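Peer 1:
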Amino acid sequence: MTGRDDIILEYLAETGVALNKRGLEINLSSDGYDISYSTIKRRLPKLEAAELIEIADPSGPWYRITEKGERYLQGEADLRDEPEPNA
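Under this note's numbering, the first residue of the sequence shown is numbered 562, with each subsequent residue one higher.
Below, the structure written as structure tokens:
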């Protein structure tokens, strides 16, 4: 996981909303985070493969944090033993 991953997960957890890639970029930017669309586009499939986020609505797709993602942020899910998914 990267620091950018944590920012994405924290944002989804704090807001409790489901967002698409562009929505994440716009909202993170307006909150002062410097994460590019290309980074978001590259990292979301990895977060999904690690089961930290899920697709809430495939029409976007719209992403939301999972229970595992919440546990990861709370320090209850250790991902060090899990290989980073290739996406």
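C-beta atoms are modelled at their ideal positions from N, C-alpha and C, and glycine is treated no differently.
None of the values given here were measured: they were computed from a predicted structure.
Would you call the CB atoms of L580 and Y624 closer than 8 Å?
Peer 2: Yes, the Cβ-Cβ distance between L580 and Y624 is below 8 Å.
Peer 1: In angstroms with no decimal places, state the Cα-to-Cα distance between E615 and L570.
Peer 2: Roughly 11 Å between the two C-alpha positions.
Peer 1: If I'm right that Y598 touches E586 with Cβ under 8 Å, what's the distance once you round it to whole angstroms?
Peer 2: Indeed they touch by this definition, with Cβ atoms about 5 Å apart.
Peer 1: Exposed or buried, what is L630 when buried is set at 16 or more other beta-carbons lying within 10 Å of its beta-carbon?
Peer 2: A small correction: the amino acid at residue 630 is Gly; Leu does not occupy that position in the sequence shown. With 16 or more other Cβ atoms within 10 Å, it is buried.
Peer 1: Would S613 and A574 qualify as a contact pair, given that the criterion is a beta-carbon distance under 8 Å?
Peer 2: Before going further, note that residue 613 is Leu rather than Ser in the sequence given. No. Outside cutoff.
Peer 1: Who are E615's beta bridge partners in DSSP?
Peer 2: The partner list for E615 (beta bridge, DSSP) reads R625.
Peer 1: Who are the near neighbours of G621 in its chain, counting only those whose CB is closer than 7 Å to its CB and skipping five residues on each side?
Peer 2: Cβ within range, chain order: N581.
Peer 1: Throw me the rounded Cβ distance for the D567 and R604 pair, which I believe falls under 8 Å.
Peer 2: With 8 Å as the limit, D567 and R604 do not qualify as a contact, their Cβ atoms being about 10 Å apart.
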